[in-house]
Structures are given as structure tokens and as C-alpha cells.
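First comes the structure, then the notes that go with it.
2 protein chains.
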Amino acid sequence: MTVPTGQCCAPIAREPLAEDTAAELAVMLKAVADPVRLRLLSMIGSHAGGEACVCDLTDAFDLTAPTISHHLKVLRTAGLIDGERRGTWVYYRIIPEAVNKLGALFAPLTEPSPGPVPQPVAGRSELGLLPA
Amino acid sequence: MTVPTGQCCAPIAREPLAEDTAAELAVMLKAVADPVRLRLLSMIGSHAGGEACVCDLTDAFDLTAPTISHHLKVLRTAGLIDGERRGTWVYYRIIPEAVNKLGALFAPLTEPSPGPVPQPVAGRSELGLLPA
DNA sequence: GACCTGTTTAGATGAGCTTCTATTCAGGAG
DNA sequence: CTCCTGAATAGAAGCTCATCTAAACAGGTC
């Protein structure tokens with residue numbers, strides 16, 4: 003069973019997930035299924051300006067800097083965050099489309115909505131990182 | 003066990019997740035962060051009547067029955083599904099509150115946080131743990 | 001009772017993950 | 001250029017996880 007539209011997938015309770023779609027989503031979910039990475043993602047996403055410096059993130063944990071760096075790499079490899087070096091420091095920010103994909107997966111099935119999946123459309127005006 | 007059915011947290015990008023909240027959510031996410039379990043959850047949730055027999059689920063995978071049973075137990079332990087034996091067969095169904103909790107976590111931030119202050123430079127802002 | 005089918009439990013094995021220490025890379029200051 | 005700090009890489013140790021085979025449990029049929 004393949005997903006009708008080109009989008010990622012319907013909510014989890016609407017139709018059985020395709021095998022490859024499940025594998026793709028599992029990669030993203032595995033990246034988030036860790037207390038440290040969850041908090042990292044939350045700190046980055048909720049930080050003023052929509053981005054956070056690694057130096058800010060490291061101090062919130064009882065972990066060494068290389069460990070934090072490793073977790074950030076996992077999140078980046080999964081396509082959930084993006085990093086950029088500006089001078090001495092490196093700043094990370096969330097990729098809203100990736101998070102929205104997960105949100106759509108677990109969206110409640112309150113009403114049996116019509117045909118297509120109502121994609122939540124990455125808005126997030128504050129973090130202006132959508133290429134229009 | 004666990005999973006006391008209640009609102010758990012704000013969307014991931016609104017405020018930093020508390021340490022224990024992140025740990026609790028990671029347990030649930032880890033249960034879902036597997037291709038087999040994702041498909042199992044999707045099959046159960048999208049099955050007619052809202053519940054599915056183990057016998058139906060097993061045939062869709064190239065895995066042995068004990069392995070499927072193990073994955074179902076992980077999902078049940080995480081509070082995502084519930085099982086009931088009726089005669090010879092065992093039927094599983096989704097616990098909507100648990101799935102909704104994940105949906106709320108990754109819900110898009112339509113209304114931006116009221117605190118602008120995009121000034122991340124020069125001396126890290128506290129950022130630490132949120133007060134409960 | 002004995003027997004058959006569906007499901008779970010118990011161990012074991014091999015792969016993967018989290019964390020560390022030690023080292024290297026990148027940029028700025030003196 | 002040399003030194004210092006922030007961040008990433010390399011490699012290793014210990015633990016967790018996904019999967020299997022073998023065995024046990026639950027319920028129905030004869």
C-alpha cells in the first residue's frame with residue numbers, strides 16, 4: 003500500500019503504513035527517541051531567534067561536549083535540525099518541515115476528513131527559514 | 003503501565019522540555035521508533051472496528067510470531083496499545099490519548115511565542131530547565 | 001482425557017547505541 | 001606566528017535491543 007499523494011503519510015490510524023515509509027519515519031523517530039536529543043531539539047526550537055549556540059546547549063546537561071556534539075549530529079543526519087558556523091560558535095535551528103511530518107503522523111483522527119491529507123503547511127513565520 | 007493519561011507538555015518548540023518529561027516521552031517515542039512497531043501501530047489503528055487480531059498482524063511481516071509478540075508487548079508497555087483475549091484470539095487496539103500526546107508534542111506552532119528578543123550573542127542566556 | 005492452534009515467555013546471539021577519553025579542526029586574540 | 005577556546009572526529013567500553021529457537025500457556029475440538 004503506497005501513499006497516494008507525494009506527501010509523507012497519513013495519520014497513523016488512517017491507513018496501514020507502507021514498509022518503506024515506516025522505515026523512513028523510524029529513522030526520524032529514532033533520532034527523537036532519546037531524552038537528551040528531545041531536550042536538545044526543544045531547547046533549539048524554543049530558543050529566542052529560533053536558533054541556539056552549542057555552548058548554550060552543553061551546559062544544560064551532565065554530559066561532555068563530544069557527546070552533545072554526537073547527539074546534534076544524529077539530529078542533523080535525521081534532517082531535524084541544521085547547523086551553521088558563525089565565527090567561533092556554531093548555531094543550530096529546527097527544520098520545521100521535518101517536525102511537522104511527525105506531527106502529521108500522530109495527528110488525531112477526530113473527523114474522517116475527506117480524500118487528501120491536510121498537510122499542516124510549514125508556517126512558523128518567526129523562523130524565517132522556509133525558501134518560500 | 004504508567005502513562006497516566008493527561009496532558010503532558012507543550013509543543014516541542016514552545017519551551018524547553020523538563021528533564022523528567024523528556025525521559026517519559028522518550029520511552030513512548032522509543033516504542034514507536036521501529037519500522038515494525040510503527041506498522042503494527044498503524045495496522046491496529048486503521049483496522050476495521052479499531053482493533054486487530056494478532057493473527058492478522060503476523061502475516062504481514064517476515065518475522066516469527068514470538069518477535070511480533072515481543073513488539074506488541076513493547077507497545078503495550080509504553081501505553082500505546084491495549085490487548086484483550088476473546089476466546090482463542092487476542093485483539094489489540096490503540097490508546098488514543100497516548101497517540102494524541104505525541105501529536106501534541108510535534109504540533110506546529112501557529113502562534114509564535116510572544117517574547118521576541120532575538121539576541122543570542124555575547125554571554126549565553128540562562129536557558130536552563132524550565133520551572134515545572 | 002488427548003490433541004491442535006494461537007499466543008506468550010525464556011534464553012541466547014549478534015548488531016547497534018550511548019558515553020567516554022584523546023585527538024584534530026576552525027577562528028579569533030595577543 | 002603562537003596560543004587559546006569552541007566544536008567535531010576517532011576509537012573503545014559497556015549496555016540495550018531485535019531477532020531467533022525452544023518451550024510453556026490458553027482455549028477450543030474430538
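Protein chains in written order, with the numbering used here: chain A, 3 to 134; chain B, 3 to 134. The beta carbon of each residue, even a glycine, is placed where N, CA and C say it ideally should be.
When Cβ-Cβ separations below 7 Å define contact, A/V56 makes no contact with chain B.
When the beta-carbon positions are compared, A/A33 and A/L74 stay at least 7 Å from each other. For A/E21, the chain B residues whose Cβ falls inside 8 Å of its Cβ are P37 and R41, in order along the chain. Annotation: the continuous beta strand (DSSP E) that includes B/I83 extends over I83 to R88. At a cut-off of 7 Å, the C-beta of B/A109 has a neighbouring C-beta in chain A.
According to the DSSP assignment, B/C55 belongs to no alpha helix (DSSP H) but to the beta strand (DSSP E) extending over E53 to C55.
Remark: three or more beta-carbon pairs, one from each stretch, lie closer than 8 Å, so the region 30 to 45 of chain B and the region 18 to 33 of chain A are flagged as touching. Comparing C-alpha distances from B/G89 to each of B/L111, B/C11 and B/C55 shows the shortest one belongs to B/C55. Taking C-alpha positions only, B/Y93 is separated from B/C57 by approximately 9 Å. With a 10 Å radius around the Cβ and a threshold of 16 neighbouring Cβ atoms, A/R41 comes out buried.
When the alpha-carbon of B/I96 is set against those of B/G105, B/L65, B/T60 and B/E53, the nearest one is in B/E53. Under the Cβ distance rule, B/A80 does not count among the residues neighbouring chain A, no pair being separated by less than 7 Å. Relative to B/E17, the option among A/M45, A/W91, A/N102 and A/A12 whose CA is nearest is A/M45. Within the model, the alpha-carbon separation for B/L43 versus B/H49 is close to 10 Å.
Taking C-beta atoms as the reference points, B/G81 and A/F108 fail to come closer than 7 Å.
Residues of chain B whose Cβ lies closer than 7 Å to the Cβ of A/A25 are, in chain order, P37.
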